[in-house]
Every structure is written in C-alpha cells, then in structure tokens.
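Trainee: Numbering (my numbering), first residue to last: 283 to 438.
Using N, Cα and C, we set each Cβ at its ideal position, and we do this for glycine too.
Right, here's the structure in full:
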C-alpha cells in the first residue's frame, strides 16, 4: 500500500452517545435562552418539561418567532393539569347532585367545562407545533426542496 501510514492515536472513535448528549444540551440551552420571565410558576414547570425537547436541533420547532404561541400552549397545559388535579381530588369528582323543583339532578361541575376548553386550547397549539402523532406525520410528509420529483426537462 502506498502513501503515509495512518496513526491510530490521532483517530477519535465516535460512539454516538456524545452526539446525542450534545443535542440534548443544545436543546436545554436554547430553551433556557428563550424562556420568558413572566411565566406563571405552573407554566414555567411545563415549559421546563417540554421546551428542551421541542428546541433540540433534531426537532427545531421552538424559535423566537413562535415563542408566544409555545408559551400559550404551556400555560394552557398548566391550567389543564391544575383543573384535572382538582377534579381528581377525593370527594370532588366531575359531577354534583342538585336539588331542584323537579327532584334531584346530576350536573357537571363548571370546572369540567373549563377542563375541556383548556384541553382544546392545548391540543390546537400542540398540533401547530407538530407535537401530536398525526401532526408529526404531516411534517415528515413534506418533501425538502431538493427532493422534489421533477426531471431536468420539466421546466425547460
């Protein structure tokens, strides 16, 4: 074999673990840099839980221009979790019994309507960010600009 002999001490083996760790760290750093200081405590916890994954370079769906929508999604999920916790409290439940002139009636608590509304708000915004399975599949199906199925003579 001709040429210079390789020196194996100069070779750095790539195991893949470092790259994955680096992506996670970059996502955490970007999420921390973008985090607004006016979040509620519950919204801040949700942001800290979700934002690093959405900001990671492999996903890259969190940026300064869509931060407001992402924060609204975090606040909606925080309200949803608080309402769910209240409704799951022993003795509360989703319904209550009301005594009316027609007898006893079982009614939904007002919190159930609020719970449904916060879930709808969260789900709408989560779809916008591609955070549901169907929305994620929709994002994958879009062909990148270089992969369009055109031949050279199609536009000549």
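Relative to the C-alpha of residue 333, which candidate in 286, 379, 393, 408 has its C-alpha closest?
Mentor: Sequence index remark: in the chain shown, residue 333 carries index 51 (1-based). It is 408.
Trainee: Going by the CB atoms, is the gap between residue 376 and residue 398 shorter than 8 Å?
Mentor: Reading the chain shown from its first residue, position 116 is the one you call residue 398. Reading the chain shown from its first residue, position 94 is the one you call residue 376. No, they are not a contact pair.
Trainee: What are the start and end residues of the beta strand (DSSP E) that includes residue 317?
Mentor: Position 35 of the chain shown, counted from the start, is the residue given in the question as residue 317. Premise fails: residue 317 is in no beta strand (DSSP E) and is neither H nor E.
Trainee: Measuring only the C-alpha atoms, how far is residue 313 from residue 384?
Mentor: Residue mapping note: residue 313 aligns to position 31 of the chain shown, counting from 1. Residue mapping note: residue 384 aligns to position 102 of the chain shown, counting from 1. Using only the alpha carbons, I get a separation of about 56 Å.
Trainee: If you draw a straight line from the C-alpha of residue 352 to the C-alpha of residue 326, how long is it?
Mentor: For the purposes of this step, residue 352 is taken as the residue at position 70 of the chain shown. For the purposes of this step, residue 326 is taken as the residue at position 44 of the chain shown. In a straight line, the C-alpha of residue 352 is about 12 Å away from that of residue 326.
Trainee: Could you pull the start and end residues of the beta strand (DSSP E) that residue 290 belongs to?
Mentor: If you number the chain shown from 1, residue 290 lands on position 8. No beta strand (DSSP E) contains residue 290, which DSSP labels as neither H nor E.
Trainee: With residue 341 as the anchor, note down where its alpha helix (DSSP H) starts and where it stops.
Mentor: Position 59 of the chain shown, counting from 1, holds the residue named residue 341. No alpha helix (DSSP H) contains residue 341, which DSSP labels as neither H nor E.
Trainee: Express the C-alpha separation of residue 315 and residue 339 in angstroms, rounding to a whole number.
Mentor: Here residue 339 refers to the residue found at position 57 when the chain shown is read from its first residue. Here residue 315 refers to the residue found at position 33 when the chain shown is read from its first residue. Taking the straight line from one Cα to the other gives about 14 Å.
Trainee: Quickly, what does DSSP pair residue 388 with across the bridge? List them, please.
Mentor: What you label residue 388 is simply residue 106 of the chain shown in a count that begins at 1. Answer is 379, bridged to residue 388.
Trainee: What residues in its chain sit with their C-beta under 7 Å from that of residue 305, if we drop five residues either side in the sequence?
Mentor: Indexing the chain shown from 1 puts residue 305 at position 23. Closer than 7 Å at Cβ, skipping near neighbours: 338, 339, 340.
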